[in-house]
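Asks: Structure provided below as structure tokens; questions to follow.
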Amino acid sequence: MLRRLYHDQPESFAFTEANREWAEAQITKYPEGRQASAVIALLWRAQEQEGWLTRPAMEEVARMLGMAYIRVLEVATFYFMFQLQPVGRVAHIQVCGTTSCMICGAEDLISVCRQKIAPRPHEISADGKFSWEEVECLGACANAPMAQIGKDYYEDLTAETLGKLIDRMAAGEVPVPGSQIGRFASEPAAGLTSLEMERHHEGNASVRLATEIGDTLKRIDGTEVPLRAPWTPVADSAAAVPPSINDDLLPPRGAVDKPTPGAQPGRGKPVSPKATTRQETDADNKARPDEGEVMGGDATIGEGQGRTPGHAPAGDTGDHQAPGRETSSHDGAGPLSGGDDTEGRAAGQPARAGDDADPANEAAAAIPEGEERRPETLEAPREGGADDLKRVRGIGPRLEEALNAMGIYHLDQIASWQAAELAWVDRNIEGFRGRAIRDDWVGQAKVLLRGEE
1 MLRRLYHDQP ESFAFTEANR EWAEAQITKY PEGRQASAVI ALLWRAQEQE GWLTRPAMEE
61 VARMLGMAYI RVLEVATFYF MFQLQPVGRV AHIQVCGTTS CMICGAEDLI SVCRQKIAPR
121 PHEISADGKF SWEEVECLGA CANAPMAQIG KDYYEDLTAE TLGKLIDRMA AGEVPVPGSQ
181 IGRFASEPAA GLTSLEMERH HEGNASVRLA TEIGDTLKRI DGTEVPLRAP WTPVADSAAA
241 VPPSINDDLL PPRGAVDKPT PGAQPGRGKP VSPKATTRQE TDADNKARPD EGEVMGGDAT
301 IGEGQGRTPG HAPAGDTGDH QAPGRETSSH DGAGPLSGGD DTEGRAAGQP ARAGDDADPA
361 NEAAAAIPEG EERRPETLEA PREGGADDLK RVRGIGPRLE EALNAMGIYH LDQIASWQAA
421 ELAWVDRNIE GFRGRAIRDD WVGQAKVLLR GEE
């Protein structure tokens with residue numbers, strides 16, 4: 001949709017003194033040379049002050065930020081939240097017309113706006129007090145239909161209640177925002193069906209904040225609340241003033257609000273540095289599923305439930321991987337090929353925990369960067385062919401290929417790794433850092449060589 005500046009522009013624009021201080025404080029959030037990052041915040045404050053965004057206001061923002069005017073114009077015309085034409089001096093009403101609100105009666109609200117304000121969007125009423133438009137979803141679907149009037153939401157509207165709101169605003173009143181049928185938040189429209197004892201307040205935090213500050217319809221001049229700029233204490237005029245408006249909105253009720261019962265063993269204890277595993281700190285492994293892991297939570301049946309970990313029941317091929325994932329054959333003698341065998345443990349925990357884990361793991365994790373040692377490798381498998389490294393839980397087809405490419409073909413090679421060698425492998429498998437220690441490859445290999453699968 002093409003957006004143009006209004007044909008009749010004012011001669012000049014100037015922030016109020018308080019708004020200018022606020023704007024200058026916003027600019028200091030950003031490092032030298034990045035002041036343009038504050039452009040949306042300053043344009044919004046200019047609109048809050050005047051009701052709409054004028055060309056002189058854009059030019060002033062461009063001057064303050066050292067930006068070319070055309071760059072500021074690009075931002076202002078791109079975002080539809082910026083009003084490029086005059087609005088009513090009392091209120092600009094934005095009626096949500098997206099699916100939920102439309103189903104619940106948004107068309108009736110639009111009809112009220114056409115009758116009481118103006119026939120077309122963005123036209124000002126005859127008395128100059130109101131303007132309106134239909135907008136996309138405002139994110140209050142559970143309280144549909146609704147409209148944003150000024151800075152706040154008026155929810156659970158009907159044609160009748162919206163008409164009354166407009167009449168009251170025209171008379172100089174500021175109706176309490178929020179649900180117009182008495183709902184606290186998004187509970188059932190017919191009334192609470194549970195947690196009835198929790199109703200202690202007439203309005204939620206958003207409603208109480210709006211009524212305390214009183215800025216629902218007013219043009220913002222910067223004096224509504226103390227300037228908060230904790231990133232620059234010199235400008236933080238409210239640093240010594242407790243923000244009671246925010247801190248005491250929903251005070252605890254002694255007879256009702258109590259700490260969650262039960263033991264709290266971690267309360268007051270610092271997090272152990274050992275709680276973060278290497279793979280959790282490796283940027284390459286963020287959001288990466290374990291190799292062979294079935295996405296979507298398709299977990300295997302655990303021990304004690306009629307199934308041995310990693311073994312499929314009779315008649316089950318074990319091929320339950322998600323479409324498109326790599327699969328491999330399995331002879332039933334060990335964990336499913338490519339499987340990570342995460343059963344019975346949370347992601348990120350060692351496959352062999354506590355006293356069962358090989359001591360080389362802890363020693364390897366403590367080795368400083370640069371002091372690792374590459375283990376002895378082979379140019380090719382020994383006579384008889386390579387071992388099936390996928391028998392080690394956590395090693396799937398891709399990891400096996402990566403290990404083979406490094407010259408590691410046999411379980412006894414893995415079982416022989418000392419701490420420095422384990423650390424080298426653990427830190428040098430591209431895309432799988434941290435896996436060798438986490439899944440106790442050395443310990444598993446030793447167990448497999450002893451025939452204790």
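Take the sequence shown: its position 312, counted from the start at 1, is 312 in full-length UniProt numbering, and no numbers get skipped. All C-beta atoms, glycine included, are put in the ideal place defined by N, C-alpha and C. Only a predicted model underlies this, so the values are computations on that prediction, with no experimental measurement involved.
Using 10 angstroms around the beta-carbon of P86, count the other beta-carbons present and answer buried if the total reaches 16, otherwise exposed.
Replies: The residue in question, P86, is buried, as its Cβ has 16 or more Cβ neighbours within 10 Å.
Asks: Look up I93 in the DSSP assignment and give the residues it is bridged to.
Replies: According to DSSP, which records beta bridges pairwise, I93 is partnered with W132 and I149.
Asks: For the stretch 153-171 against the stretch 109-119, do three or more pairs of beta-carbon atoms, one drawn from each stretch, fall closer than 8 Å, so that the two count as touching?
Replies: Output reads yes: the stretch 109-119 touches the stretch 153-171.
Asks: Would residue 456 pass as a contact of L411 if the rule is Cβ separation under 8 Å?
Replies: Limits of the chain in this structure are 1 at one end and 453 at the other, which puts residue 456 out of reach.
Asks: Okay, do the stretch 97-115 and the stretch 60-77 touch, 3+ Cβ pairs below 8 Å being the bar?
Replies: The answer is no - the stretch 60-77 does not touch the stretch 97-115, with fewer than three Cβ pairs under 8 Å.
Asks: Quick check on this structure: which residue in R427, P230 and E173 has the alpha carbon closest to the alpha carbon of A364?
Replies: Here the closest residue by C-alpha is R427.
Asks: Does the distance from the C-beta atom of K151 to that of D215 stay below 8 Å?
Replies: Yes; because the gap between Cβ atoms is below 8 Å, this pair is in contact.
Asks: Where does G178 fall in DSSP's three states?
Replies: Looking at G178 - three-state DSSP - the assignment turns out to be strand.
Asks: Spatial neighbours of A57 within its chain, please: C-beta separation below 7 Å, excluding the five flanking residues on both sides.
Replies: Correct list, in chain order: F13, A46 and E50.
Asks: When you compare the CB positions of L43 and A76, do they come within less than 8 Å of one another, or not?
Replies: In contact: L43 and A76 (Cβ atoms closer than 8 Å).
Asks: Let me confirm a value: L195 is counted as buried when at least 16 other C-beta atoms fall within 10 Å, else exposed. Which label applies?
Replies: When all chains shown are included, L195 counts as exposed.
Asks: Take the Cβ of F78 as the centre, count every other Cβ of all protein chains shown within 10 Å, and call the residue buried at 16 or more, exposed below.
Replies: Label assigned to F78: exposed.
Asks: Quick check on DSSP: helix, strand or coil for Y69?
Replies: Correct three-state label for Y69: helix.
Asks: Tell me whether the stretch 200-211 and the stretch 26-34 touch, counting them as touching only if at least three CB pairs, one residue from each stretch, are closer than 8 Å.
Replies: In short, these stretches do not touch, since the Cβ pair count stays below three.
Asks: Give the DSSP-derived three-state secondary structure of P335 in the structure shown.
Replies: Interpretation of P335 is limited by its pLDDT of 41, a score under 50 that renders its predicted location unreliable; the figure taken from the coordinates is listed afterwards. If DSSP states are grouped into helix, strand and coil, P335 belongs with coil.
Asks: Alpha carbon to alpha carbon, how far is W22 from V225? Give it in angstroms, no decimals.
Replies: Distance between the alpha carbons of V225 and W22 is about 11 Å.
Asks: Tell me the rounded alpha-carbon separation between V176 and L162.
Replies: The straight-line gap from Cα to Cα measures roughly 13 Å.
Asks: Are the CB atoms of V95 and E134 within a distance shorter than 8 Å?
Replies: Contact flag set, yes.
Asks: Please report the straight-line C-alpha distance between E437 and P397, rounded to a whole angstrom.
Replies: Per the sequence shown, residue 437 should be read as Ile rather than Glu. Taking the straight line joining both Cα atoms gives about 18 Å.
Asks: Judging by CA-CA distance, which residue of D8, I40, A38 and Q26 is the nearest neighbour of T54?
Replies: Answer by Cα proximity: D8.
Asks: For E155, which of helix, strand or coil comes out of DSSP?
Replies: It is a strand residue.
Asks: Leaving aside the five residues before and after A142 along the sequence, list all residues of the same chain whose C-beta is less than 6 Å from its C-beta, in chain order.
Replies: Here the set comprises S186.
Asks: What does the alpha-carbon distance come out to for the pair Q413 and R450?
Replies: Those two C-alpha atoms are separated by around 14 Å.
Asks: Using the rule of at least 16 other Cβ atoms within 10 Å of the residue's Cβ for burial, across every protein chain shown, is C104 buried or exposed?
Replies: Under this definition C104 is a buried residue.
Asks: Using the C-alpha atoms, what's the distance from R374 back to S37?
Replies: Approximately 48 Å between the Cα atoms of the pair.
Asks: CB-CB under 6 Å to A144, same chain, minus the five flanking residues each way: which ones, in chain order?
Replies: Cβ neighbours of A144 beyond the five flanking positions: S100, C101 and C104.
Asks: Determine whether the Cβ of S206 lies closer than 8 Å to any Cβ atom of chain C.
Replies: Among the protein chains of the structure shown there is no chain C, as only one such chain exists.
Asks: Using the rule of at least 16 other Cβ atoms within 10 Å of the residue's Cβ for burial, across every protein chain shown, is D358 buried or exposed?
Replies: By the neighbour-count rule (16 or more Cβ atoms within 10 Å), D358 is buried.
Asks: Could you give the DSSP three-state label for M102: helix, strand or coil?
Replies: Here M102 sits in helix by DSSP.
Asks: Under three-state DSSP, which class holds K29?
Replies: K29 falls in the coil class under three-state DSSP.
Asks: Look at the alpha carbon of G434 and the alpha carbon of E362, and state the distance between them as a whole number of angstroms.
Replies: Each residue's alpha carbon lies about 12 Å from the other.
Asks: Tell me the DSSP secondary structure of C141 in three-state form.
Replies: Helix.
Asks: Express the C-alpha separation of F15 and M64 in angstroms, rounding to a whole number.
Replies: Looking at the two C-alpha atoms, the distance is approximately 11 Å.
Asks: Counting pairs of Cβ atoms below 8 Å between the stretch 153-161 and the stretch 178-193, do you hit three or more?
Replies: Judged by Cβ distances under 8 Å, the stretch 153-161 makes contact with the stretch 178-193, as three or more pairs qualify.
Asks: In whole angstroms, what is the alpha-carbon distance linking D388 and I40?
Replies: One C-alpha to the other measures close to 59 Å.
Asks: Report yes if the C-beta distance between A360 and A419 is below 8 Å; otherwise report no.
Replies: Against a cut-off of 8 Å, the Cβ pair of A419 and A360 comes out as a contact.
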